[in-house]
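Quick notes on the structure that follows.
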Amino acid sequence: AGMTTWILPVMAIILARQDQQEQATEMLSLYFNHPLRPVGWAEKWPLPSEWQTRLQEDLGAHGYQVAWERGRTFDLGTVVEVFLAEWE
3 AGMTTWILPV
13 MAIILARQDQ
23 QEQATEMLSL
33 YFNHPLRPVG
43 WAEKWPLPSE
53 WQTRLQEDLG
63 AHGYQVAWER
73 GRTFDLGTVV
83 EVFLAEWE
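Okay, structure coming up:
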């Protein structure tokens with residue numbers, strides 16, 4: 003699972019660029035809250051932080067928090083499976 007988490011910030015940016023702000027926020031939340039995520043690399047890469055700020059602005063504080071909390075509950079395997087199926 004830890005190796006799989008690296009794709010979540012990338013997925014979030016793709017979703018955000020497709021005007022799917024809630025889903026992008028959910029992916030960032032799943033990444034930043036997953037216990038097996040590789041610590042450090044996303045924090046050093048400026049895009050996830052930049053998109054977090056944009057998403058907060060786009061969704062507003064309440065909308066962002068609702069999506070963030072929802073993303074925390076997602077199952078990593080299911081999320082990746084669904085995302086990859088959409089790209090086939």
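Basically the numbering used here = 1-based index in the sequence shown + 2.
Virtual Cβ for every residue (Gly too), placed ideally from N, Cα, C.
Please state whether the Cβ-Cβ distance between residue i and residue j is less than 7 Å.
i          : j          : result
residue 27 : residue 57 : yes
residue 74 : residue 35 : yes
If I follow the unbroken alpha helix (DSSP H) through residue i, where does it start and stop?
i         : result
residue 8 : That residue, residue 8, is in no alpha helix (DSSP H); it is neither H nor E in DSSP.
Under the three-state reduction of DSSP, which class applies to residue i: helix, strand or coil?
i          : result
residue 61 : helix
residue 41 : coil
residue 76 : coil
residue 23 : helix
residue 53 : helix
residue 47 : coil
residue 70 : helix
Rounded C-beta distance between residue i and residue j? I'm assuming under 8 Å.
i          : j          : result
residue 69 : residue 78 : Their Cβ separation, rounded to whole angstroms, is 17 Å, which puts residue 69 and residue 78 out of contact at 8 Å.
residue 30 : residue 50 : 6 Å
residue 40 : residue 8  : 6 Å
residue 32 : residue 25 : Residue 32 to residue 25, Cβ: 11 Å. No contact.
residue 13 : residue 85 : 6 Å
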